[in-house]
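Protein chains in written order, with my numbering: chain A, 1 to 135; chain B, 1001 to 1135; chain C, 2001 to 2135; chain D, 3001 to 3135; chain E, 4001 to 4135; chain F, 5001 to 5135.
Backbone N, C-alpha and C fix where the C-beta goes; we use that ideal spot for every residue, glycine too.
Fair warning: this is a prediction, and the values are worked out from it, not measured in the lab.
Notes for the one structure printed next.
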């Protein structure tokens, strides 16, 4: 049971319904996830976060599947069960195979391992890594 | 200054040199990073971690650039400066542009934001996300 | 099922009962939470942590509700379910409305987002932020 | 040195300048922080994040100082140096005294302590904490 | 329900069975834990991670019980329920008493507290702590 | 430069001096670390945290060196530079060799790796791990 209850479409205010409608149209689905239904208790945040998700996860310099894989990687590192489950499903819908999921987990786990080796030994950053990216 | 000093090639034991040689041959470079030089204080861990990195980061179901992007995403979430700097450089060498880096940061940041919204509101996982991946 | 079992008042030693009594008197309630019942397996830690909580959460330069909001913010960032649930209830008892909870979540989530943008881009701290607080 | 360079006003595109102008007007200051100058490498993210910050940190059900204290609490928990320094300065500008800062640190530290006691002992959530907030 | 299903011995490929056999022989048990059964969806990672665990957790400069206590400490800090439960059981099998578990939790919690005090106040590292370990 | 300045013995109030004296007497040293000098801006927290450290880190069911190793493990996982440096020095003073430090890092890193594999795959806890510890 979430701390504030999910708000169903039938009970939603017009501004919440407008966001739900946009989510369903953008994603070509006929319902919205619990995340949005719970966030709807705060309509301004619902709208703002949805617009961020819509913008950030759209195709750009990175393709949508890569973005979902990164989303899962962050969610696993932070141990957000909801986000792992929902973004794993989203990644799968965009083409992630079980083999890709397993490789993703191996990379995420390895990075968590070497992050602690670097931080624990206090390894100095090599000077050549300090060059900024060319723009 | 790292907690244990970096070990230069000239001062390394034969088993450490063998790992350094493999790193340089695999990556087609003529020196190894501080991370490996510091890890060389523990030759068994040096060898084990290098072999994990070589295996996990090799091309597979995911391509090497995607793996580097995921590595950076985890390192940013954990705030490992060394890993952010070294894997950003590695990603750049594999084709990451500044625009891709900026989109990556936007996705990582957004995932960290929605992870806390999901966890904070204690959103229940939608039943349909509970389906295991088809294998 | 917790790793060590909760210890009920009837089964508690005199020193544990003394802490339970102080918790109930301080909070004007007639039972103690599972957190304290489980911590009672280690009476010295029970007493020490309770005295810390009693001292730190008392009115001071910050009011008790603000302190509870901060407690929830930390617990959400770390994803401690027990602490989120118990301190959300405590904050509510001290006057937190659903609108305040939703704003709190929005701030916590935003801070988690910008923390990663700052860390990921390795933004240099502006010199003027380095001034110590005037005392 | 940040991974992408800060963009000064004189070198900024019109859309970046428009955000800088809004930041300076909203905050009644005559320059913008490094965070925004670095984020300006990605004008869409600059604009989106600034609008989120402007909206979320505005007075609402919680006052601006409480929001800054929460921001600092999250940043300390995540160890984001930039965010700790900049939001401590912001909180100070909104009235935080050194005594308030010290109490804030005590609460943040205590919450991090009890988060691990709860998670480590796997304390079961008391049934009464499962009631949703009344709306 | 895990994201990929556990693979039982009867259904496992020869290379997976070889790892399961080695786990059971090394630990003198007659079945393997769910962790390994789920990891078996990715036989290369199963083998690599098992060999890392077997090597790293073996007696060395640190004894096996100390290593298990450290494992639990990390898992509590990260809030990994599976790892807390399985490594608490492993530590118990190697001699951890309830009193040792409680002291461990007290140390872990205290370290999490002082970590945030140090990071929050931005305490400068004392010069004498910067000496590398003598080798 | 810390956010509040370190307070030297010569400038300290009697209650702060009393804590400094107890730290120096307990540890048989002739000065206190920056951590305590900065915490002295908040004398009540200084005294409370010092008493917690003195109590929790004293010999008990776990020996002092094991406790220091656990402290370092937590600090590495959280990336607290100050705590890593100061508790590595403390562990060294209590007998930690470089080989023990390297093994500690290997265990910490491995635990961080398997924590993410367990959380990422959402591995179900084996029923037998759910038995509480016998008391």
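Answer yes or no: do residue i and residue j have a C-beta to C-beta separation smaller than 8 angstroms?
i: residue 16(A); j: residue 1123(B); result: no
i: residue 5034(F); j: residue 4112(E); result: no
i: residue 3047(D); j: residue 3026(D); result: no
i: residue 5069(F); j: residue 4029(E); result: no
Using the C-alpha atoms, what's the distance from residue j back to residue i?
i: residue 2125(C); j: residue 4018(E); result: 53 angstroms
i: residue 11(A); j: residue 2099(C); result: 18 angstroms
i: residue 1134(B); j: residue 90(A); result: 14 angstroms
i: residue 56(A); j: residue 1116(B); result: 17 angstroms
i: residue 3058(D); j: residue 3104(D); result: 21 angstroms
i: residue 1031(B); j: residue 5080(F); result: 30 angstroms
i: residue 3009(D); j: residue 2118(C); result: 20 angstroms
i: residue 2052(C); j: residue 22(A); result: 49 angstroms
i: residue 2131(C); j: residue 84(A); result: 41 angstroms
i: residue 1007(B); j: residue 4006(E); result: 43 angstroms
Let me confirm a value: residue i is counted as buried when at least 16 other C-beta atoms fall within 10 Å, else exposed. Which label applies?
i: residue 3067(D); result: buried
i: residue 1093(B); result: exposed
i: residue 3042(D); result: buried
From the DSSP output, in three-state form, read off residue i for me.
i: residue 3029(D); result: coil
i: residue 2083(C); result: helix
i: residue 3047(D); result: helix
i: residue 2023(C); result: helix
i: residue 5041(F); result: coil
i: residue 3013(D); result: coil
i: residue 67(A); result: helix
i: residue 1120(B); result: helix
i: residue 61(A); result: coil
i: residue 97(A); result: coil
i: residue 1127(B); result: helix
i: residue 3001(D); result: coil
i: residue 4133(E); result: coil
i: residue 4008(E); result: coil
From this set, the options, which residue's C-alpha is nearest residue i's C-alpha?
i: residue 5110(F); options: 4027(E), 4044(E), 4073(E) and 4003(E); result: 4073(E)
i: residue 2(A); options: 2101(C), 2060(C), 2004(C) and 2071(C); result: 2101(C)
i: residue 14(A); options: 130(A), 31(A) and 40(A); result: 40(A)
i: residue 5120(F); options: 4095(E), 4118(E), 4119(E) and 4082(E); result: 4082(E)
i: residue 2086(C); options: 3127(D), 3032(D) and 3071(D); result: 3127(D)
i: residue 1129(B); options: 108(A), 88(A), 95(A) and 118(A); result: 88(A)
i: residue 4050(E); options: 4024(E), 4070(E), 4060(E) and 4064(E); result: 4024(E)
i: residue 1064(B); options: 1006(B), 1022(B), 1106(B) and 1096(B); result: 1096(B)
i: residue 3061(D); options: 2114(C), 2107(C) and 2007(C); result: 2107(C)
i: residue 5004(F); options: 5036(F), 5131(F), 5118(F) and 5052(F); result: 5036(F)
i: residue 5044(F); options: 5114(F), 5020(F) and 5029(F); result: 5020(F)
i: residue 114(A); options: 1131(B), 1076(B) and 1114(B); result: 1076(B)
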